[in-house]
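S.K.: 216 is the number that my numbering gives the last residue of the sequence shown; the numbers go up by one with no jumps.
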Amino acid sequence: MNNARKIGEDLYWIGASDRRINLFENIMPVPQGVSYNAYLLKDEKNVLIDTSDNSVSEQFFENLYSLVGDNEKLDYIIVNHVEPDHSSLLCRTAYEYPEAKIICSAQAQKMILQFFDCIATERFITVKEGDKMSFGKHEFTFCTAPMVHWPEVIVSYDITTKTLLARRSTPLLHQHRRQVRHTGTEPFEKGFCIGNKDAMPTSRTHLARKHRLLR
Ligand SMILES: [Fe+2]
Numbered sequence: 002m003n004n005a006r007k008i009g010e011d012l013y014w015i016g017a018s019d020r021r022i023n024l025f026e027n028i029m030p031v032p033q034g035v036s037y038n039a040y041l042l043k044d045e046k047n048v049l050i051d052t053s054d055n056s057v058s059e060q061f062f063e064n065l066y067s068l069v070g071d072n073e074k075l076d077y078i079i080v081n082h083v084e085p086d087h088s089s090l091l092c093r094t095a096y097e098y099p100e101a102k103i104i105c106s107a108q109a110q111k112m113i114l115q116f117f118d119c120i121a122t123e124r125f126i127t128v129k130e131g132d133k134m135s136f137g138k139h140e141f142t143f144c145t146a147p148m149v150h151w152p153e154v155i156v157s158y159d160i161t162t163k164t165l166l167a168r169r170s171t172p173l174l175h176q177h178r179r180q181v182r183h184t185g186t187e188p189f190e191k192g193f194c195i196g197n198k199d200a201m202p203t204s205r206t207h208l209a210r211k212h213r214l215l216r
């Protein structure tokens with residue numbers, strides 16, 4: 002059964018929660034588990050923002066199939082971060098949707114080709130700091146966050162709705178813990194920033210700088 006949730010204007014959360022692990026990366030306690038947060042923008046183009054960990058593949062694809070019909074195509078896949086708990090379903094998704102272009106940083110493209118070796122080079126669209134792309138009504142811009150976590154990390158910002166989209170376990174936003182709001186008990190608000198108050202100080206400084214750029 003799909004559990005996709007509409008969380009904003011034309012925006013759906015299509016991730017999954019993993020309550021089986023006690024330690025994230027075998028180090029960080031996650032008593033409530035983690036959420037693998039993937040999103041789908043349904044505009045004139047269908048845009049997938051990140052995939053998920055292999056352990057939740059069934060739920061992820063059920064959510065994706067529920068929103069991208071048999072007669073539709075997936076136009077773009079944005080890769081904010083390459084680490085496998087974020088991107089291990091990228092190959093299968095790219096295989097199932099052969100027309101989808103992969104949007105990521107140049108560094109991420111290199112890493113994807115090294116890690117996965119399953120996507121043709123011609124399918125990549127690399128973005129750098131401040132690049133913009135329109136998907137219809139929604140215009141996105143991309144901010145780089147090199148070495149806040151890994152060197153290839155970007156965050157994606159929907160200028161139209163003022164929504165920042167980044168992955169759960171990017172320390173930039175310190176999103177290791179499963180998000181209560183994904184239970185559906187807390188509404189997402191327009192312009193939300195998916196960070197929390199215990200974000201690391203250096204990350205907060207970096208993020209504040211990025212927020213100034215995004216305004
Ligand atoms: Fe990571």
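Where a beta carbon is used, it is the ideal one built from N, C-alpha and C, also for glycine.
Check each candidate in ASN23, PHE136, SER67, ILE155 and name the one with the smallest Cα separation from THR161.
M.R.: What you label residue 161 is simply residue 160 of the sequence shown in a count that begins at 1. Checking every option, the nearest Cα to that of THR161 belongs to PHE136.
S.K.: In angstroms with no decimal places, state the Cα-to-Cα distance between GLU84 and PHE125.
M.R.: In the sequence shown, the residue the question calls residue 84 occupies position 83. In the sequence shown, the residue the question calls residue 125 occupies position 124. Those two C-alpha atoms are separated by around 17 angstroms.
S.K.: For a minimum of 4 consecutive residues, which ranges assigned as the alpha helix (DSSP H) are wholly contained in the region 66 to 112?
M.R.: Segments of the alpha helix (DSSP H) lying fully in the region 66 to 112: 85 to 88, 91 to 97.
S.K.: Under a Cβ-count criterion, where at least 16 other Cβ atoms within 10 Å of its own Cβ denotes burial, should ASN270 be classed as buried or exposed?
M.R.: Outside the shown range of the chain, which is 2 to 216, sits residue 270, and nothing can be said about it.
S.K.: How should GLU59 be labelled, buried or exposed, when 16 other C-beta atoms within 10 angstroms of its C-beta is the threshold for buried?
M.R.: As a first step, residue 59 is located in the sequence shown; it is residue number 58 there, counting from the start. By the 10 Å Cβ count, GLU59 comes out exposed.
S.K.: Please return the same chain residues whose Cβ sits closer than 7 angstroms to the Cβ of PRO188, not counting the five positions on each side in sequence.
M.R.: Position 187 of the sequence shown, counting from 1, holds the residue named residue 188. Note that PRO188 has pLDDT 36, beneath the 50 cutoff, so the model's placement of it is unreliable and the number below is only indicative. Same-chain partners within the cutoff: there are none.
S.K.: Mind checking whether GLU153 and GLN108 have CB atoms under 7 angstroms apart?
M.R.: Stepping through the sequence shown from its first residue, residue 153 is reached at position 152. Stepping through the sequence shown from its first residue, residue 108 is reached at position 107. Yes, these two residues count as a Cβ contact at 7 angstroms.
S.K.: Can you tell me whether ARG178 is helix, strand or coil according to DSSP?
M.R.: Translated into positions along the sequence shown, residue 178 becomes position 177. Here the model assigns ARG178 a pLDDT of 46, short of 50, so the residue's position is not dependable and the matter cannot be decided.
S.K.: Should GLY70 go down as buried or exposed, given a rule of 16 or more other Cβ atoms within 10 Å for buried?
M.R.: Here residue 70 is taken as the residue at index 69 of the sequence shown, counted from 1. Exposed, since its Cβ has fewer than 16 Cβ neighbours within 10 Å.
S.K.: Confirm the yes/no value for this check: CB of GLU84, any heavy atom of ligand 1, distance under 6 angstroms.
M.R.: To locate residue 84, count along the sequence shown from 1; it is residue 83. Result yes, Cβ under 6 angstroms from ligand 1.
S.K.: Would you mind sorting TYR77 into buried or exposed? The rule is 16 or more other CB atoms within 10 Å of its CB.
M.R.: Within the sequence shown, residue 77 is the residue found at index 76, counting from 1. It is buried - the Cβ of TYR77 has at least 16 other Cβ atoms within 10 Å.
S.K.: For ASN27, count neighbouring C-beta atoms within 10 Å of its own C-beta (all shown protein chains included) and say buried if the count is 16 or more, exposed if not.
M.R.: Your numbering for residue 27 matches position 26 in the sequence shown. Result: exposed.
S.K.: Strictly by DSSP, which residues pair up with CYS119?
M.R.: Mapped onto the sequence shown, residue 119 falls at position 118. DSSP output for CYS119 lists no bridge partner at all.
S.K.: Is MET112 buried or exposed, if buried means 16 or more other CB atoms sit within 10 Å of its CB?
M.R.: Looking up residue 112 in the sequence shown gives position 111. Buried, by the Cβ-count rule.
S.K.: Taking the straight line between their C-alpha atoms, what separation do you get for TRP14 and LEU68?
M.R.: As a position in the sequence shown, residue 14 is number 13, starting the count at 1. As a position in the sequence shown, residue 68 is number 67, starting the count at 1. Distance between the alpha carbons of TRP14 and LEU68 is about 11 angstroms.
S.K.: Whole angstroms is fine: what's the gap from VAL48's alpha carbon to CYS105's?
M.R.: Here residue 48 corresponds to residue number 47 of the sequence shown, with the count starting at 1. Here residue 105 corresponds to residue number 104 of the sequence shown, with the count starting at 1. Straight-line Cα distance between these residues: approximately 13 angstroms.
S.K.: Would TYR66 pass as an interface residue toward chain B - the criterion being a Cβ-Cβ separation below 7 angstroms?
M.R.: The structure shown contains no chain B, having only a single protein chain.
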